[in-house]
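Shown next, in structure tokens, is the structure this report addresses.
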Amino acid sequence: MKGLARGWRRPLRDVLLLAAFLAAVSFLPADTSLSERQGAGQLRYCFADANSPLIRDPSTGAAGTERALLEGAAADLGLQLRLVEVPNIGRSFNPADWNVTRAQCDVLGGGLADSAANRGFMTLIPTGQQIALRRTGGAAEPPRGSRVGVFAGSAGMDRVRLSGFMRSRGWQAVPLRREADLRAWIAQGEPAIFSSLTPVPEGTEHHPLPAEAAEVSDLVLGLWRGDTTLTRALRHALNKAAEGR
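Our numbering puts the first residue of the sequence shown at 9, with every later residue one more than the last.
Have a look at this one:
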């Protein structure tokens, strides 16, 4: 009998621990992220550059593809989409360095890549689009020692990987902070690496980078971890908006 009693102790202990955990969880505050947004009547959409083709169509001035998709989803939730430009987004590989807060943003986008760094910081929702890095110039790579401009925009691409690739080619990276800098660099006839989201002057020859430099990544929207109700509702609304396009 003593052996039988000992055999029941561990399962009984596990059951009691599980019951205690469930009881503790029941006292956690409910997630109010969706109801708070509905109470405010708006969804704050943060991005780095209002001139990105995802935000503004460069040819017509109308809403870009990602913005239009999110406007449709916000309307389905009874919310108005509020545009918030935050230049820090994408300035470094680590999203924690962007200095964005819940008080500013509900959704981050405008060119976020599905990267390990972004996945570790936010809950990501794919938008159905992709992003890659490309190189201007001819099919032949620039020779060793070349100065190569780099404009990654707000893509959140793996810049450590790109830096390693450029070192292996013997290229000197020249950071280009604005699209205007990229256009001026290209006009000088210098080679540049840029995000596929970035429009370049008409007639500019460009080619994809090899996989060792950067992978083609899915574009995503980023939401705060823990905003479960908002994330679930927005994911559903985005699917509806995408189907209706």
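No residue lacks a Cβ here, since even glycine has one placed at the ideal position from N, Cα and C.
Nothing here was measured: the structure is a model prediction, and the numbers come from that model.
- Taken atom to atom, the span from the alpha-carbon of arginine 127 to that of tryptophan 232 is near 11 Å.
- In the three-state reduction of the DSSP assignment, glutamine 46 falls in the helix class, which pools H, G and I.
- Contact between leucine 120 and leucine 246 does not hold, since the beta-carbon distance rounds to 14 Å and is not under 8 Å.
- Around the beta carbon of alanine 82, a 10 Å sphere encloses 16 or more other beta carbons of the protein chains shown; the residue is thus reported as buried.
- In this structure, glycine 157 places its C-beta atom within 8 Å of the C-beta atom of tryptophan 193.
- Between leucine 87 and glutamine 46, the C-beta gap is smaller than 8 Å, which places the two residues in contact.
- The three-state reading of DSSP puts proline 134 in strand, counting E and B together.
- Put simply, the backbone Cα of threonine 40 is about 9 Å away from that of threonine 236.
- DSSP places isoleucine 194 inside the alpha helix (DSSP H), whose first and last residues are 187 to 195.
- Closest by C-alpha distance to leucine 85, out of Asp105, Gly49, Thr68, is Gly49.
- DSSP, reduced to helix, strand and coil, places proline 183 within a strand of the structure shown.
- Taking a 10 Å sphere around the C-beta of aspartate 122, we find 16 or more other C-beta atoms and assign the residue as buried.
- For the pair alanine 200 and aspartate 114, the Cα-to-Cα distance works out to about 34 Å.
- In the structure shown, proline 216 adopts extended strand secondary structure according to DSSP, grouped into three states.
- Checking the DSSP bridge columns, you'll see alanine 121 partnered with Leu227.
- Nearest to isoleucine 97 by alpha-carbon distance, out of Met165, Ala249, Arg64, Glu74, is Met165.
- As summarised for the stretch 74 to 114, there are no continuous alpha helix (DSSP H) elements at least 4 residues long confined to that stretch.
- In the DSSP annotation of this structure, the continuous segment of the beta strand (DSSP E) that includes leucine 141 starts and ends at 141 to 144.
- Taken through DSSP and simplified to helix, strand or coil, serine 154 comes out as coil.
- In the three-state reduction of the DSSP assignment, serine 171 falls in the helix class, which pools H, G and I.
- Burial is judged here by how many other beta carbons sit within 10 angstroms of a residue's own beta carbon; threonine 239 has at least 16 and is buried.
- Between glutamate 210 and asparagine 59 a beta carbon distance of about 17 Å is seen, past the 8 Å cut, so the two are scored as non-contacting.
- Rounded to the nearest angstrom, the gap between the Cα atoms of tyrosine 53 and arginine 169 is 29 Å.
- Check the Cα spacing between threonine 135 and each of Ala70, Ser43, Ser225, Val182: the tightest is with Ser225.
- The straight-line gap separating the alpha-carbon atoms of arginine 142 and proline 218 is approximately 9 Å.
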